[in-house]
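Just below is one structure, and these are the notes that go with it.
In my numbering, the protein residues as written are 14 to 319.
In structure tokens, the structure reads:
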């Protein structure tokens, strides 16, 4: 009887371990594919069952961090650091930023100091060390500007604004009203498009979706214009001439594109869309910005050597 009971308990334990491993594998696949919303739900179920490891906690916290859910990110980073400090330096930085976002400035400063000590060559740490009294500077200048709603915001993500020729151009994940709803698994929101609204003396007009030649069924974002208004640079998923490009890992990254303004019979369109030569299928380039003289293009990228 004792042997039967032990065999039964062993079988139950093995089954639980198998289910746990299957759950972790599922969450890891979601995480690797940038499906962070799905990953948070799967990791949450795993930790709710009592299994916590540094890897699981870090990925759960990161999944919230990458969606700007800083309160939840701070909570899980806190659990991770309560378990161990033997983690990569970047997690110190993300924890610091999460704490700052929820108003815990003192602890955020502690984490930034630890981050700087672990990664002394990182410019983010150097900048922090050079301006440790940044909060006092912010408070001293807080009365110089008044922040208000631009009048175009929605319940969805709205960001990346730029003013050009009396119009406000911006990026939005709002519902376009299309019959087919395309949702991005990273954030569980719609794919972003470029929108614009007329700026008047005291308000902004009704936002309009930018023309179809620029907006596609994937992400478009953060447009900027040359000083003469004839060239536009913007961010888009790796999607050209109706074909989606992918990396060796089968991931569609972001690229920077440009388009030329064409005027025919007083009708303005944007044509000749082409990606910039420094793009790659293997890394991201995004969020262009032009210098005032138009000679320099600044952008974000995770390309090697950056």
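We treat Cβ as the ideally placed atom computed from N, Cα and C, and that holds for glycine.
Contact between residue 282 and residue 226 holds: CB atoms are separated by about 6 Å, below the 8 Å threshold. From the listed residues 314, 46 and 244, the smallest Cα separation to residue 299 is found for 314. For residue 163, there is no enclosing beta strand (DSSP E), as DSSP marks it with neither H nor E. Secondary structure of residue 202 (DSSP, three-state): strand. Residue 138 counts as buried, since no fewer than 16 other beta carbons sit within 10 angstroms of its beta carbon. A contact is defined here as three or more CB-CB pairs under 8 Å, and the segment 58-72 fails this definition with respect to the segment 284-301. Partner residues in the beta bridge of residue 180, as assigned by DSSP, are 177 and 211. By the C-beta density criterion, residue 81 is exposed, having fewer than 16 other C-beta atoms within 10 angstroms. Looking at the DSSP output, residue 238 shares a beta bridge with 245.
A distance of 8 Å or more separates the beta carbons of residue 49 and residue 71. Closest by C-alpha distance to residue 254, out of 51, 230 and 53, is 230. When rounded, the separation of the alpha-carbon atoms in residue 218 and residue 85 is 36 Å.
As for any beta strand (DSSP E) of minimum length 3 sitting wholly inside the segment 53-109, there is none. Of 203, 174, 238 and 47, the smallest CA-CA separation from residue 307 is found for 238. Only residues of its own chain outside the window of five on either side were considered, and among them 189, 206, 207, 208 and 228 have a CB closer than 8 Å to the CB of residue 222, listed in chain order. Comparing C-alpha distances from residue 178 to each of 40, 150, 168 and 213 shows the shortest one belongs to 213. Cβ contact annotation for residue 203 (same chain, cutoff 8 Å, sequence separation greater than five): 169, 186, 187, 188, 189, 194, 195, 196 and 197, in chain order.
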